[in-house]
Structures are given as structure tokens and as C-alpha cells.
Amino acid sequence: MDAGFKAELIEWGVDWDEILDRFMGNEDLIAKFMFKFLNDQSMSDLTKYLAEKNVSEAFKAVHTLKGVSANLGLKGFLTPVCELTEILRAGSMYGYEEKYDKIKPKYDELIAILTKYNV
Numbered sequence: 677m678d679a680g681f682k683a684e685l686i687e688w689g690v691d692w693d694e695i696l697d698r699f700m701g702n703e704d705l706i707a708k709f710m711f712k713f714l715n716d717q718s719m720s721d722l723t724k725y726l727a728e729k730n731v732s733e734a735f736k737a738v739h740t741l742k743g744v745s746a747n748l749g750l751k752g753f754l755t756p757v758c759e760l761t762e763i764l765r766a767g768s769m770y771g772y773e774e775k776y777d778k779i780k781p782k783y784d785e786l787i788a789i790l791t792k793y794n795v
């Protein structure tokens with residue numbers, strides 16, 4: 677794994693110790709799964725369904741994002757993802773904007789990092 681890539685992921689908020697343990701110390705495998713995140717549609721689905729005020733589909737999307745984020749150690753936005761999951765799980769949209777507004781810029785930063793190193 678490229679040292680710059682690793683450093684940027686850690687700076688962004690990846691829990692490196694956790695993910696290194698999860699992937700049994702294999703940094704190439706970590707990189708492989710990080711790059712697969714570029715194809716994950718849960719954030720675009722979340723954005724779409726929130727705009728449509730479709731709580732049940734938005735919940736499915738954010739719940740998927742939560743699971744993927746937890747598995748990849750993406751702590752840089754996991755807290756607001758979890759909080760939004762609980763808002764939507766309750767069938768509400770009250771306060772979702774604040775959580776989404778914390779998630780989206782961090783998501784975009786992560787995508788930029790992944791795109792930069794995905795050669």
C-alpha cells in the first residue's frame with residue numbers, strides 16, 4: 677500500500693489499528709476493499725431518498741452505509757451516520773439535515789482520496 681494513501685486515510689479518520697486487525701495485517705487487501713467503496717451506491721441512494729422524503733428507503737441506504745463504514749473502519753463519519761440511522765429507524769426525518777450535512781462533506785473527502793490513489 678502506498679504510504680501517502682495510508683497517511684491520508686488515517687488523517688481522514690480511518691481507524692487503522694482496527695482495520696489492520698480486521699484484515700489480518702494485509703494492507704493490500706485493505707486497499708482493495710477501500711477502492712471497492714468507490715462503487716458503493718448507499719450514499720447516492722441516501723441522498724436521493726432523503727430528497728424524496730422516502731424515510732424507509734433512506735433508512736435502508738443509511739443502514740447499508742453504516743455497515744460498510746463500520747467494516748472499513750471509516751470512523752471519520754461513522755458517528756453522524758449512526759445518528760442518522762437512528763433518526764430514520766424511528767420513521768422520522770426530524771433533524772436529518774444536520775446529520776447529513778456532517779456526513780456528505782466527509783464522504784466527498786474520502787471519495788477524493790480513494791479516487792486519487794485508485795490507479
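Under our numbering, the first residue of the sequence shown is numbered 677, with each subsequent residue one higher.
All residues carry an ideal CB built from backbone N, CA and C; glycine is no exception.
Computed from a predicted model, the values in this text were never measured in an experiment.
(message) Buried or exposed, going by whether 16 or more other CB atoms sit within 10 Å of the CB of L714?
(response) Translated into positions along the sequence shown, residue 714 becomes position 38. Taking every protein chain shown into account, the CB of L714 has fewer than 16 other CB atoms within 10 angstroms, so this residue is exposed.
(message) Given this structure, state the Cα-to-Cα distance separating L764 from A683, to the nearest angstrom.
(response) Working through the sequence shown from its first residue, we reach residue 764 at position 88. Working through the sequence shown from its first residue, we reach residue 683 at position 7. The alpha-carbon atoms of L764 and A683 are separated by roughly 33 Å.
(message) Let me make sure I understand the geometry here. Which of V731, Y783, T791 has the alpha-carbon closest to that of G771?
(response) For this step, residue 771 is matched to residue 95 along the sequence shown. Of the listed residues, the one whose Cα sits closest to G771 is V731.
(request) List the DSSP bridge partners of L750. (result) Here residue 750 refers to the residue found at position 74 of the sequence shown. Beta-bridge partners of L750 (DSSP): V690.
(request) Kindly confirm or deny that the segment 737-745 and the segment 753-762 touch, where touching means at least three C-beta pairs closer than 8 Å. (result) Yes, the segment 737-745 is in contact with the segment 753-762.
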